[in-house]
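Before any comments, here is the structure.
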Amino acid sequence: MSYSGRTRGVYAGLLATLGVTAALVAAPVAAYADEQAQAVEGESAIESSIPEQSVTLPESTGPSSTPTIAGGSQENSTPDLPGLDQSLGGTQGEENNEEPGSQEDSQQGSEIEGDALNQPSSSEGSTDGEASSSTTITVSNPQLSALISEQNALMQDSEEAETKDDASNDAPLPESGWVVRDAGDGSGLQRYYLVGGVAKTDEAFRALLGGVESWFYALSDGRVVRDRMTIKKDGTSYTYLADNDGRLLDPGWHVTDQFDQGLQRYYVDADEHACVEGYSSDGWGHYTRPEGYVVRGKYDTGRGTVALADNNGRTVSVSGWLVTGAYDGGVLQRYFLNGEGQARSSYFSVEKGWYYGIGGEGYVLRGVGVGVDGSPLIADNDGRLAEGWVVTDVFGQGLQRYWFVNGRIPDEGIYRVDSDTLTCVTKQGYVLRGGGTADGKKYFADNDGRVLTNQWIVTGDFTGGNLERYWATSDGSFRTSDEKFNPSDFFDDGGWLAYALSDGTIFRGKHDNGNGTVYLADNDGRISDAPKGWLITGIYDGGTLQRYYMNGDGTARSGFFVEDGNRYFGMGGNQGGYVLRGTTGWYNYVLLANNDGVMPETEGWLISDAYGQGAQRYMIDEIVGQNGYYGALTGYFSVDDDGTADTSGKDYYGRSEGYVVRGFYLIPGTDTLLYANNDGVLQPLTESPIVYNILKRIFWTSSQTQYLIGVDVESCWVVVFQGSAGNWNPIHVWRCTTGRPSVHEGLGTPRGDYMIGYDGADYNWSNSPYYVYSSDRYRTEYWAHSDVMYFTGFCLNLGFHSTKRVNGGFSDDGGQLGNRLSDGCIRLAVDNAKWIFDNCMPGTHVTTI
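Going letter by letter, the sequence shown gives residues 0 to 848 in numbering that gives the first Met the number 0.
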């Protein structure tokens, strides 16, 4: 804003009338000489009409407005003037067309919570050259008052015209000075300060506004702060507080509610002209929050401290330990202070002891708690955190042992307690006792939490209770190896040669190495040290004696081999290693070996009982691809009269056991039933289809006796078989009577598999005269209730018995056999019923189809 020559002339005349000479005015202005020389060109009120003096007038606020001498920020900085009354104060002007529109009262509100009388004055902390207040000249001369009123009117008219022009975005911008423009972002009119046609940004600056020199702050987009604005600089918050014209609050204390944060106390820094986050001793020791106002009570700084202050914002001045109830409603708490009004929080060490300051509170933990890292904590009444071993159940994990380092439980892993002791901290926090894992490795510790090292460990902790053997190394971790069995990883730390598998368990038993050898280790994990040659032992097979041919390196031979002129076959796989004795399948052959492991060495028929299957007939042939080794043929084959396998000879079928079929045979997995004579020659089937139908159903079924009974319910036939599973041969085929279709839900006789004397078999004996007592509840010679003979039960009260009495006897069935007439029982001719009664003991299998 510039003033006309007339305005300057009137003001100069005013000074002359007052008798104020240039010399008198020059003294308070001299401190600003350099700054006035650099003042913005647009503020021409300090230009040539008064070359050595800077005198500005406030904007008019009415008839009582008085001129202000710029630069009068310090008390006693203006010389006494005759007839003038000096006082501190000042009224801030408003931007007439600026939004928000109403001028905010710059007067400080009284603080209800505190003692406003104890607050420092608003000029506290101001420095030379800073306009923290104005020197106001009050004039009592009536003539002079009239002149001043005229001057104020002229100045107000000039400023209003200028503001109106600047507020139009279409008006040309001045080279320097204030501009009020619509920001274009919905925030309405904003104030900018131009220098050389460019708005100031990101800095605090001093300028004239309305004749008053004040501090302002320009944001990064050029607009000056009005009201409250917080800016982060290098991680620290700077809060600028300004009136509606942008004038920043003077340095020092302010208690006000004008910044929408309730009634709060602020301290404006004299250097930054802002409320600076953090601790300061200016005024008195205080801590400014990021929002700008000072802490009263407690505040967690987020930097490992909690600020403590009274209601006036005065922080605690002591350093070190403080026990007080001043901040906790009278409850005594212990704080450790840093000398800058803040208590330590989180973990900290004092005189070799560790403590934990509770975040948001500041006092140290006493008792049980949890650290910011989730670590369970225990502290004594002085707040000193536990160190070393602690046995407690306070953490809700049962009675456990913990190891504390620097006041907290360390992360999962192994830690050295002393030169001789290691302990393992689990991911649950307590130390390992027994077997467990840490960092992907297995360990074992005693009941005191000491990890065992350099010794054998036998435990079921890792295998659901099944005992396994491990070797604990010098660091406590169990020895392991790669996934592939590698003899180069054998070790003898435990007193014998052993091997640790990839999961840490010690190799025990057998391992086929895939190259014709099988490694052997006993129950202690001792790899066999047997010399080369034959070894007969049961230590690798649960006590069952087996014959091995050892290579002298802990392995036994597997596969085909010749030793001492005889042919042998070493069993492979992780259950093998010993030589074959008996039979085993080999592709389309069955290998045979006697009790010494010796295999057949010639082709042709072999009748022998040396292979654990009784006397059987085998056709021996050379194994394809194994020159000089022989096996028994399986499946269909033909043999000519001289005993040589030939497609033009008689037909045979080699069973999966190696010997040829004799009698009936049901090929596994098929419906094909074979029959061969005693020499093994296959024969046509001549029995009734009824027999074959039942035989196919029961051929692979077991019975606890040598007999099995099959019943065809629909056809009313009973077939009795003798033998065993896979070797049943029919010995009796009888007509019978089965249950009529109207009983047992239409089945007549229930279908299924039963056993004589089992499945609740009971003929319902009682003391009734209709029953004849028998100690075997499943059978009776005479069943008076039904008037039948030789009852043999197989399910509840169902069983085999004679036909019902006819013409006074049981020899004539009277047309009963071959029909479905009974209540579910199987009726037979009396002799057949007696045969079952006499021969088929409990456990005899019964199948009804």
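Where a beta carbon is used, it is the ideal one built from N, C-alpha and C, also for glycine.
A quick note: this is a predicted structure, and the numbers were derived from the prediction, not measured.
Residue 517 places its beta carbon less than 7 Å from that of residue 555.
A distance of 7 Å or more separates the beta carbons of residue 444 and residue 478. Sorting 369, 409, 406 by C-alpha distance to the C-alpha of residue 393 places 369 at the top.
The alpha-carbon of residue 278 is positioned some 14 Å away from that of residue 234.
Three or more Cβ pairs drawn from the stretch 264-273 and the stretch 238-251 lie within less than 8 Å of each other, which places the two stretches in contact. Scanning 682, 630, 662, 175 for the CA closest to the CA of residue 650 turns up 682. Secondary structure at residue 325: coil, using DSSP grouped into helix, strand and coil.
The beta-carbon separation of residue 710 and residue 717, rounded to 5 Å, stays under the 8 Å limit for a contact. One alpha carbon belongs to residue 195, the other to residue 175, and they sit about 6 Å apart. In this chain, residue 173 is not harboured by any beta strand (DSSP E), its DSSP state being neither H nor E. Taken in chain order, the whole alpha helix (DSSP H) runs of length 4 or more contained in the stretch 385-434 number zero. Between residue 673 and residue 727 a beta carbon distance of about 13 Å is seen, past the 8 Å cut, so the two are scored as non-contacting. In the three-state reduction of the DSSP assignment, residue 279 falls in the strand class, which pools E and B. In this structure, DSSP gives residue 729 an extended state, which the three-state scheme calls strand. The beta carbon of residue 312 sits closer than 7 Å to the beta carbons of 264, 285, 293, 294, 295 from its chain, once the five residues preceding and following it are set aside; these are given in chain order.
As far as DSSP is concerned, residue 495 takes part in no beta bridge. Under a 10 Å Cβ-count criterion, residue 428 is classified as buried, with 16 or more other Cβ atoms of the shown protein chains found around its own Cβ. Using a Cβ-Cβ distance cut-off of 8 Å, the stretch 675-690 and the stretch 807-817 are not in contact, since fewer than three pairs of beta carbons, one from each stretch, lie closer than that value. Assignment of residue 526 by DSSP, reduced to helix, strand and coil, places it in the strand class. With fewer than 16 other Cβ atoms from the protein chains shown falling within 10 Å of its own Cβ, residue 330 counts as exposed. Counting along the chain, no alpha helix (DSSP H) covers residue 782; the unbroken beta strand (DSSP E) around it starts and ends at 778-782. Take the alpha-carbon of residue 802 and the one of residue 829: they are about 7 Å apart. For residue 693, the enclosing alpha helix (DSSP H) has its first and last residue at 688-697. Our two residues, residue 246 and residue 323, have alpha carbons roughly 42 Å apart in a direct line. Its chain contains 535, 536, 537 as the residues whose beta carbon lies nearer than 8 Å to that of residue 544, once the 5 sequence neighbours on both sides are disregarded; these appear in chain order. Straight-line spacing of the CA atoms in residue 668 and residue 715 works out to 28 Å. For residue 306, the enclosing beta strand (DSSP E) stretches over residues 304-308. Your pair residue 362 and residue 333 checks out as a contact, with CB atoms roughly 6 Å apart and the cut at 8 Å. DSSP places residue 836 in the helix class (H, G or I) of the three-state scheme.
Here DSSP, grouped into helix, strand and coil, assigns residue 330 to coil. Under DSSP, residue 575 forms no beta bridge with any residue. About 6 Å separates the beta carbons of residue 700 and residue 844, which is inside the 8 Å limit, making them a contact pair.
Assigned with DSSP and collapsed to three states, residue 317 falls in coil, not helix or strand.
Taking C-alpha positions only, residue 598 is separated from residue 582 by approximately 10 Å. Residue 841 carries a coil assignment under DSSP once its states are collapsed to helix, strand and coil.
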